[in-house]
Every structure is written in C-alpha cells, then in structure tokens.
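Numbering (UniProt numbering), first residue to last: 1 to 560.
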C-alpha cells in the first residue's frame, strides 16, 4: 500500500490529507482563529462541584467551563495506572469549590458542551507517551510480536522516571534504546517546565499548548510506513526539515516541496472533501450508503442502488455489503465520526456471508488509529460499533446547522408555504385600506399562488377585493414571503412591474415555454418574459424588446 501525506499550508488554515493508494482516508484541518484545544494544559479553578453528577466544572479561562468527571479527578493507586473506579470516593472528597487544579483537555468543546478535562496529564513524544501522574507501563496493542513487546517493556521499565508512567507507541517497534531515552528525557524536561509555569502567574492560565498541526502530524502520523510527504509551502518545508533533523533524520528523504496553486485540487482531494459532506456515498459496484449524523449516534444505511448483480440475489447482496464495509471504514476515518455508530447492511440469509462482511469491516478498521470497537450484530441485523470521539468531525469543522431549516435538513414545500401565506394575504386585505397588495415570493411559491393561467390569483382577488401583484424572486427564501400594501399609483408602478412596453433589454433565455415550445422564457427579478421565437436559443443572451406587459408576465420579441 502506497501511503502519503499532502499538506496545504494556507494563510488562514492548514489542511493535511492522508492518502492510501491515492485514496483520501483522513483529513486534519486547523484554522488560525480556532486553535485546537485537545492536549493543552491549564491551571484552572474549580467553579462548582456537582455530587449528583459526580463531576465538577472548572474555569480554565475559555468561554465555557470545562467538565471534570470523577474518574478523571481520582488520584491513581500507587503501582498501577488504574483508578479506584469510584470505590467510595465521591467528587466532594477530591475537589472543593475555589481549589486550583492542573488539568488537560481530552475532548474539544462541541455544540453547547464545554471541553472535557482530566487531571491525569499525558505528554506524547515520538516513541512514548509520558504520564507524569501515573505509575504505569503500557505497550501499544498494535505491536503484536510477543518478543518485541517484552523487549520494549524492559526498555520502558529501565528508562521510566520514578513514580511516572510510560506508554510505548506503535512507532517504537524496532527502535534503539538511544532514541527512546532521548524521547523520555525531552518529555520529562517538558513536564518540569509545565510544573514551573503552573506555580506562577494568574489562575486560570494556559500553561502548555500542544504542538501545531504540522508538528503533530510529524510526531503522530508521519511514521516509517508513510512513503511520501508533500507540502506546498517553502517556509513550512524548511521548518519540517529542521524538525526532522532533530527527531527522525531517516525520514527526511521522503519529504517533497511542490509549490502549486492548489495542491488539493490537483490531487483530487478537494472533490473528495465535498463528497465527504454529502449524505449519499456511491460504491464502486453501483450500490450506495446513506450516512446520517444525529446528536446521539450516526446511522449508516446500505442500498444496492444501481447494482443488479449477475448471478443471484444472495451474491448481489454480499458483493454490495462487502464493498460497503470497506467504504464505511474509510468514511468513518475521513469524516472523523465518533460515538455510537449503527450500520444497517442489506439483510443476508447465510450466516457465512454475515461473518465475511464483519471480518472485512474488522480488517479495514485496523487501519484506523482512532480506537474503534465492533460490538456485534443486534437482533434486527444491525451492526453496532463505537469510535472514540476526540476532535470535532469534518462536518462540525466545515459546516454549521442551516439557519433556515434550523438543522432539520428540510424546508417547507411550496404547497405548505403557499397555503399559509394565502391566509396571511386575506388577513392583511381585511386590515388595509390600500387597493393594491404586493406579494414577493420564491418563484415556486409565486407560481403556486398565481396558479395555472392565473386561476388562483383571480380567485384571491375576488375573495379580497384587492389588486394583487405577485412577483417571483430568486433571492427570496422558499419559506418566507414578503406581503405589503401599496397606497399610491407611483408606488404601484415602481414596485410591481420591472419592465415597460417598448423597453429594450439584454436577457438570458433560460428554458422553452412549457406549452408553446417555439417561445423562450427569461426572468427579470423573477418576473417572466415570454420571448416569441426564442425556444431554440436556450442558454444564449439576446437583445429583446418588451411588447406587452401583463400583471404576472410580459411578452417580448427578439431585436434583429
């Protein structure tokens, strides 16, 4: 597998893409105005202690107080890194209001929730993670060879500072003692600096900021199994080379500078990011996934779509589900979806097929650095799994809930809006002394209010006893309609008809007339122009002269 990292270092944001065999699998984005918080260490003050929730809120100087759960506040038992798991320990025994604490952010703030913090600080280096408050040795589960695990365990035990803990990272496989010792020494020095800073200055106070995105990528993602790292900024390239000189000189030959206008466009990454924000994901076989991220969990539905298979239904279903398992594992990494995930694969009759699909899903998920657990299949045939949520998902970084539909993902239909505003027009007509009412709406809603051949408009005018001008406007949101009385003739003329007979205009022919295809239709602010003989000129911009103006449309002819 060819694994590469592509870095786009812009002025306002840095974006890092990880590709496996030219396919985008992970995205990291950091913006200058919203520095990442996970890993940062603060000296904070306990704002209030909540015995009912076994948690405390800590003021660390951010907009929202941080949430400290009892498990993350308990002093560890000597000799191992595990907590008392609430053995009679209440949050009120450990923390008091007004007390100062050193805490580290483990979870970014999301939505209305503040960040989650812990008192058990971890400092990641390249080969090890130092845990200054825990006496413990751990080896990455990804290192599978027993002999290597033993060697690393002994090495960690000999280098571990007194009373502190070490976790050996996957990258440490086959690493010599010297590199290891250098890492431990650097992290111990960093911890002493942090403690020194914590003893001074105001409270709350940021006492350690985790590395910037590119440095974190070099520390955590740019490992031996990466074949190439490409960056589009000369200054960042020089910084990377300087840093690798100190940490991993062997990796320097894999780094390349490509000063391109848009490196993500050239590598096809931009298009992939766009796709990663859509609900629907097409599979190679012609089937598709639908991914819905809800508040409590993410649901993924698998469908055969355009794929009809070649032999029998069972094979079609199996092929679609196998393709889906591979793509789901990639989408979870790419979209950085965390929490509970439910997958509705297409029903499989054979137990062997179910096992095969689960096996592929398990294999693909091994490529994911984020801790993921497959819990099995429920009675309804749904696959339940969890993925650790540390940083916001791709959609949380790049999107925000739609202010129009308030995150429902749906807008009211033109029928619903038309009926609602028809009643509003009748109501306003009752209250106003003006003879004329101007209604501006989205073209779909305006069309619904006017009706075929103006039938609804005539009916409304009879009902209200008023002159109604209904204008379609592309700029109007589909759920909102503007209704206002017009009191004098000038105002009526100024607001109602955007064109006058004899006027010459340049307009774009948008579509042929529905019933008379010889004519073409153009629009000015949503007002319809019916152009004689322009049916064959769709897409072209032509000069026309307005011949006759009606209340809901105007006729025009081509200027030769």
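Note that beta-carbon positions come from the ideal geometry of N, C-alpha and C, so glycine has one too.
With fewer than three CB-CB distances shorter than 8 angstroms, the stretch 418-426 does not count as touching the stretch 371-389. Across the set 108, 64, 121 and 65, the C-alpha of 121 shows the shortest separation from the C-alpha of residue 74. By the criterion of a C-beta distance shorter than 6 angstroms, residue 364 is surrounded in its chain by 326 and 329, once the five residues flanking it on both sides are discounted.
Looking from the CA of residue 393, the closest CA among 109, 138 and 533 belongs to 109. If you draw a straight line from the Cα of residue 38 to the Cα of residue 103, it comes to about 11 angstroms. Taken through DSSP and simplified to helix, strand or coil, residue 8 comes out as strand.
Bridge partners of residue 482 according to DSSP: 440. Shown here, residue 241 sits in a helix according to DSSP, grouped into three states. Contact between residue 547 and residue 556 holds, since their C-beta atoms are separated by about 6 angstroms, short of 8 angstroms.
Rounded to the nearest whole angstrom, the CA to CA distance from residue 462 to residue 560 is 42 angstroms. With a cutoff of 8 angstroms on beta-carbon distance, residue 118 and residue 142 are scored as not near each other.
Shown here, residue 186 sits in a helix according to DSSP, grouped into three states. Judged by DSSP in its simplified three-state form, residue 295 adopts coil rather than helix or strand.
Boundaries of the beta strand (DSSP E) harbouring residue 208: 205-208, taken from the DSSP string. Unbroken beta strand (DSSP E) runs of no fewer than 3 residues, entirely contained in the stretch 255-328, are found at 255-257, 280-282, 288-293 and 297-303, following chain order.
A straight-line Cα-Cα distance of about 9 angstroms links residue 91 and residue 53.
In the structure shown, residue 367 adopts coil according to DSSP, grouped into three states.
Apart from the 5 residues on each side of it in sequence, residue 61 sits with its Cβ closer than 8 angstroms to the Cβ of 42, 44, 204, 205 and 206 in its chain, given in chain order. Apart from sequence neighbours up to five positions away, the residues of its chain that approach residue 36 with a beta-carbon distance below 8 angstroms are 30, 108, 210, 213 and 391, ordered along the chain.
Contact check for residue 127 and residue 175: beta-carbon distance about 6 angstroms, within the 8 angstroms limit, so the pair qualifies.
Residue 539 carries a coil assignment under DSSP once its states are collapsed to helix, strand and coil. Residue pairing by DSSP leaves residue 96 without any beta bridge partner. The alpha-carbon of residue 338 is positioned some 8 angstroms away from that of residue 332. Setting aside the 5 residues that flank it on each side, residue 227 is surrounded in the same chain by 2, 3, 4 and 254, each with a C-beta closer than 8 angstroms to its C-beta; the list follows chain order.
Following the DSSP letters along the chain, one finds residue 160 in no alpha helix (DSSP H), marked with neither H nor E. Note on residue 294: under 16 other CB atoms within 10 angstroms of its CB, so exposed under the neighbour-count rule. By the Cβ-count criterion, residue 28 is buried, with 16 or more other Cβ atoms from all chains shown falling within 10 Å of its own Cβ.
For residue 235, the secondary structure class from DSSP, reduced to helix, strand or coil, is helix. Here DSSP, grouped into helix, strand and coil, assigns residue 456 to helix.
Setting aside the 5 residues that flank it on each side, residue 456 is surrounded in the same chain by 449 and 450, each with a C-beta closer than 7 angstroms to its C-beta; the list follows chain order.
Cβ-Cβ distances below 8 angstroms link residue 140 to 167, 168, 169, 170 and 172 in the same chain, with the five nearest sequence neighbours on each side left out; the list follows chain order. Runs of the beta strand (DSSP E) lying entirely within the stretch 18-56, each at least 3 residues long, are 23-31 and 41-50 in chain order. Residue 544 places its beta carbon less than 8 angstroms from that of residue 531. When the alpha-carbon of residue 387 is set against those of 362, 263, 405 and 399, the nearest one is in 362. For residue 398, the uninterrupted alpha helix (DSSP H) segment begins and ends at 394-398. In this structure, residue 343 places its C-beta atom within 8 angstroms of the C-beta atom of residue 300.
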